[in-house]
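Numbering (the numbering used here), first residue to last: 12 to 374.
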């Protein structure tokens, strides 16, 4: 980093905890905070390219302080060559979890020259009022990417701001029903916690955060990847390996929680989820796979879905999120009278979208 680049800023990704451990990743970067209100094509392109071409700041000591009263913890970490600090903090004397899922704040402090700086980080603490949670993919599960026709959709990737990106139809309504009532100010927490696992780079964290805020999707920790020009990140097999490892890590971290797994047909989600079903019997409440536009499921993916069904795990596969009452009840997420509202909401959205298409065809 050049001498005139200014002090580093700290970006705290969403963390999570149980009664015994707290996990949080932060990154030191050069440059100002992200803005997503650009209107000109040039400014939009520059903002997105700036995210991919981030300037990391290594060697920054960061101190994390968490908790209050009888339960406090602190840890220090020095940013690595890519600017990351990965905190894995032991919580002594079994910290109690909240009555319902909530975001807790931690304090992160660092020095830039002679000046001290601090920000708040957010850590998800699942509530004790339920033992159900959701792990979801991102690309083509909640946000349309058009990756199957990249040459026709490059403008979507390079010039659209988060609020302009297209959510997968019905995803917000379905996720709201699965998550239940939300509470909190800046980042409302759904009663049932959400975790997002994606092969997208960490550089897109705040872009994806803004997208979810704009489209009413529940917030939750995102387990993304650090991209590099090597076979560990560029080969297609690396997507599945990252997803499998992340899902297994969450299932191990929350050993008493059952998870619904949501994904799509574009990045072998079925294979990763079938592995989770095999490795963690009785822990998967259900699997939902959206058939995204593009090539269909492979032979291996069909075999994975068959294995999920044979294990007795509720499985749903479809082109949209118009999911019936009985299936959602089988996951344990809602009673019949509560579930009815989501099906009606999705049907209304689909009818409106169909009407808009027909109107466009007649004009």
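Built from N, CA and C at the ideal position, the CB exists for glycine as well.
Residue i versus residue j: straight-line alpha-carbon distance, rounded
| i | j | result |
| --- | --- | --- |
| residue 95 | residue 39 | 7 Å |
| residue 186 | residue 228 | 7 Å |
| residue 57 | residue 68 | 21 Å |
| residue 136 | residue 116 | 10 Å |
| residue 206 | residue 300 | 16 Å |
| residue 191 | residue 124 | 46 Å |
| residue 308 | residue 221 | 31 Å |
| residue 246 | residue 236 | For residue 246, the predicted model reports a pLDDT of 48, less than 50, meaning its position is unreliable; a value from the coordinates is still stated below. Cα to Cα, the separation comes out at about 13 Å. |
| residue 21 | residue 74 | 12 Å |
| residue 93 | residue 37 | 11 Å |
| residue 343 | residue 155 | 28 Å |
| residue 164 | residue 171 | With a pLDDT of 49 at residue 164, under the threshold of 50, the modelled position of this residue cannot be trusted, and the question is left open. |
| residue 336 | residue 289 | 27 Å |
| residue 430 | residue 231 | Nothing in the structure corresponds to residue 430, since the chain is present only between 12 and 374. |
| residue 81 | residue 138 | 19 Å |
| residue 304 | residue 278 | 12 Å |
| residue 306 | residue 313 | 13 Å |
| residue 175 | residue 333 | 23 Å |
| residue 197 | residue 223 | 13 Å |
| residue 211 | residue 218 | 11 Å |
| residue 183 | residue 226 | 7 Å |
| residue 266 | residue 103 | 18 Å |
| residue 88 | residue 44 | 22 Å |
| residue 98 | residue 134 | 12 Å |
| residue 320 | residue 327 | 10 Å |
C-beta atoms of residue i and residue j nearer than 7 Å
| i | j | result |
| --- | --- | --- |
| residue 35 | residue 132 | yes |
| residue 276 | residue 254 | no |
| residue 216 | residue 24 | yes |
| residue 100 | residue 86 | yes |
| residue 105 | residue 30 | yes |
| residue 195 | residue 331 | no |
| residue 315 | residue 262 | no |
| residue 274 | residue 90 | no |
| residue 6 | residue 126 | This structure cannot speak to residue 6, because the chain is shown only from 12 to 374. |
| residue 390 | residue 193 | Absent from the structure is residue 390, since the part of the chain shown begins at 12 and ends at 374. |
| residue 18 | residue 71 | no |
Residue(s) in a DSSP beta bridge with residue i
| i | result |
| --- | --- |
| residue 34 | 27 and 99 |
| residue 65 | Per DSSP, none; premise fails for residue 65. |
| residue 72 | 89 |
| residue 116 | 133 |
| residue 257 | Residue 257 is not bridged to any residue. |
| residue 122 | 127 |
| residue 150 | 154 |
| residue 39 | 21 |
| residue 139 | Partner(s): none; residue 139 has no beta bridge. |
| residue 84 | 77 |
Pick from the options that is closest to residue i, judged by C-alpha positions
| i | options | result |
| --- | --- | --- |
| residue 77 | 149, 32 and 231 | 32 |
| residue 286 | 193, 305, 307 and 324 | 324 |
| residue 142 | 134, 110 and 128 | 110 |
| residue 209 | 280, 312, 263 and 293 | 280 |
| residue 329 | 139, 338 and 214 | 338 |
| residue 295 | 305, 199 and 268 | 268 |
| residue 284 | 298, 195 and 341 | 298 |
| residue 147 | 321, 257 and 265 | 257 |
| residue 66 | 82, 89 and 41 | 41 |
| residue 179 | 188, 252, 149 and 202 | 149 |
| residue 10 | 108, 334 and 292 | Within the shown structure, residues of the chain are numbered from 12 to 374, placing residue 10 beyond reach of any answer. |
| residue 79 | 107, 88 and 72 | 107 |
| residue 270 | 145, 88 and 44 | 145 |
Residue-chain proximity (residue i, chain D), Cβ-Cβ < 7 Å
| i | result |
| --- | --- |
| residue 257 | The structure shown contains no chain D; it is built from a single protein chain. |
Can you check the segment 168-234 for any alpha helix (DSSP H) of at least 4 residues that lies completely inside it and give the ranges in chain order? 182-190 and 216-225
Beta strand (DSSP E) runs contained entirely in the segment 279-354, provided each spans 3 or more residues: 295-301 and 326-329
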